[in-house]
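In the working numbering, the protein residues as written are 10 to 146.
Beta carbons: idealized from backbone N, C-alpha and C, even for Gly.
Step one of this worksheet: look at the structure below.
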């Protein structure tokens, strides 16, 4: 923001702050004043938004929940279902279910490597808490 813009902002704020109702009325009836206010908010809104360093695209939702499928059908069935998916679909699944905190798997290209990560994570999550469950005797 330049010094001229800052001066205009201060002048405008001094005019706005004393009486809110008068400001609203002036905004409705004075097009030049309304344009000044609108441009002020446009400048402020663009300045307030922190520019993101990386443009992240939102990934698609996964086709199914691998942990649930592992729990219900087992590892072999899960592997069969994962073999039918494309690499990007596997990455979507990993991202959606938080299976790679370091986000390194997003750079992997081999389907088998991604499938191994999904199966390993699903296995760990499906068995989590087994030590506290009562065993059938």
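Grouping DSSP H, G and I as helix and E and B as strand, with all else coil, what is residue 93?
-> Correct three-state label for residue 93: coil.
Secondary structure at residue 69, three-state DSSP: helix, strand or coil?
-> Here residue 69 sits in coil by DSSP.
Which residues mark the beginning and the end of the alpha helix (DSSP H) in which residue 131 is found?
-> For residue 131, the enclosing alpha helix (DSSP H) stretches over residues 120 to 136.
Heavy atom of the ligand GTP less than 8 Å from the Cβ of residue 98, yes or no?
-> No copy of the ligand GTP occurs in the structure displayed, which carries no ligand at all.
In chain order, what residues of the same chain have a beta carbon less than 6 Å from the beta carbon of residue 104, not counting five sequence neighbours either side?
-> If we look at residue 104 and ignore the five residues flanking it on each side, its Cβ neighbours are 68.
Can you tell me the Cβ-Cβ gap for residue 115 and residue 126, rounded? I've got them flagged as a contact below 8 Å.
-> Rounded to whole angstroms, the Cβ separation of residue 115 and residue 126 is 11 Å, and the two are not in contact under 8 Å.
Going by CA-CA distance only, name the one from 78, 82 and 99 that's closest to residue 123.
-> For the residues 78, 82 and 99, the minimum Cα distance to residue 123 belongs to 99.
Integer-rounded CB distance, given that residue 87 should sit under 8 Å from residue 75 = So it is a contact: roughly 6 Å between Cβ atoms.
What residues in its chain sit with their C-beta under 8 Å from that of residue 92, if we drop five residues either side in the sequence?
-> Within its own chain, the residues whose Cβ lies closer than 8 Å to the Cβ of residue 92, once the five positions on either side in sequence are excluded, are 120 and 124, listed in chain order.
Decide if residue 34 is buried, meaning its Cβ has at least 16 other Cβ atoms within 10 Å, or exposed.
-> Label assigned to residue 34: exposed.
Taking all protein chains shown into account, do 16 or more other C-beta atoms lie within 10 angstroms of the C-beta of residue 146, making it buried, or fewer, making it exposed?
-> Legend: pLDDT at residue 146 = 48, less than 50; position of this residue unreliable, no value from coordinates given.
Through-space distance from residue 44 to residue 128, alpha-carbon basis | Rounded to the nearest angstrom, the two C-alpha atoms are 59 Å apart.
Got a sec? Which residues, its chain only, sit under 7 Å from residue 84 by beta carbon, not counting five neighbours each side?
-> Excluding positions up to five away in sequence, the list reads 128 and 132.
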